[in-house]
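See structure below.
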Amino acid sequence: MLGMGKLETKANMIVLADTIRLLEGTHMIVTTNAAIAGKQITAYHGIASGNITYSRSFDKGIKAEIKQSLKSLMGGELVLYSDMKKHYFDMAMTRLMADAKEKGANAIVGVSVSETASQVGDTVLVIGTAVTISD
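Going by my numbering, the first residue of the sequence shown is number 14, and it counts up by one from there.
Structure follows, in structure tokens:
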């Protein structure tokens with residue numbers, strides 16, 4: 014799930030490494046649905062969330078930025094921007110799962126994703142209901 018490439022920073026890596034350690038060996042179903050087919054929700058643990066606010070600047074140098082600017086004028090995918098979006102979405106999802114696990118959940122239902130842009134940067138917020146499920 015974590016396609017991090019060259020977008021990571023040292024501070025992000027430390028936080029992310031701690032989160033990954035927390036999630037090691039965890040199998041967690043995460044769904045936008047209110048229920049999970051074939052499973053019964055046996056306990057509710059409240060709202061779980063994961064978010065990240067990030068700057069839209071690229072760490073790839075001026076050449077890459079000029080190339081991306083030209084692509085945006087002429088059409089085509091902005092690959093650096095797409096990769097960056099995917100990276101930060103993955104981080105928000107990882108934080109969501111860590112929050113749910115800390116609450117004692119083994120699944121998350123009713124997940125929604127929102128993204129907002131501001132002058133400071135873009136924010137990805139992922140929110141859902143942390144639950145315990147059984148067969």
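Cβ atoms here follow ideal geometry from the backbone N, Cα and C, with glycine treated the same way.
> In the structure shown, what three-state DSSP assignment does Thr45 receive?
Replying inline: coil
>> Quick check on Val126: does DSSP put it in helix, strand or coil?
In response: strand
> In terms of residue numbering, what span does the beta strand (DSSP E) encompassing Ala61 cover?
Replying inline: It spans Gln53 to Tyr67 - the beta strand (DSSP E) in which Ala61 sits, taken as one unbroken run.
> Where does Tyr57 land, buried or exposed, given buried means 16+ other C-beta within 10 angstroms?
Replying inline: Burial call: exposed.
> Sorted by chain position, which residues of the same chain lie with C-beta nearer than 8 Å to Lys52's C-beta, five sequence neighbours on each side aside?
Replying inline: Ile42, Ala120, Ile146, Ser147 and Asp148
>> So, under 8 Å CB-CB, Val122 and Ala47 are touching, yes? Tell me the CB distance rounded to an integer number of Å.
In response: 6 Å
> Which word fits Met87, buried or exposed, when buried means at least 16 other C-beta atoms lie within 10 angstroms of its C-beta?
Replying inline: exposed
> What separation, rounded to the nearest whole angstrom, lies between the Cα atoms of Thr142 and Met104?
Replying inline: In this structure, the straight-line span from the alpha carbon of Thr142 to that of Met104 is close to 18 Å.
>> Among the candidates Gly134, Ala118, Thr129 and Leu138, whose CA atom is the shortest distance from the CA of Ile54?
In response: Ala118
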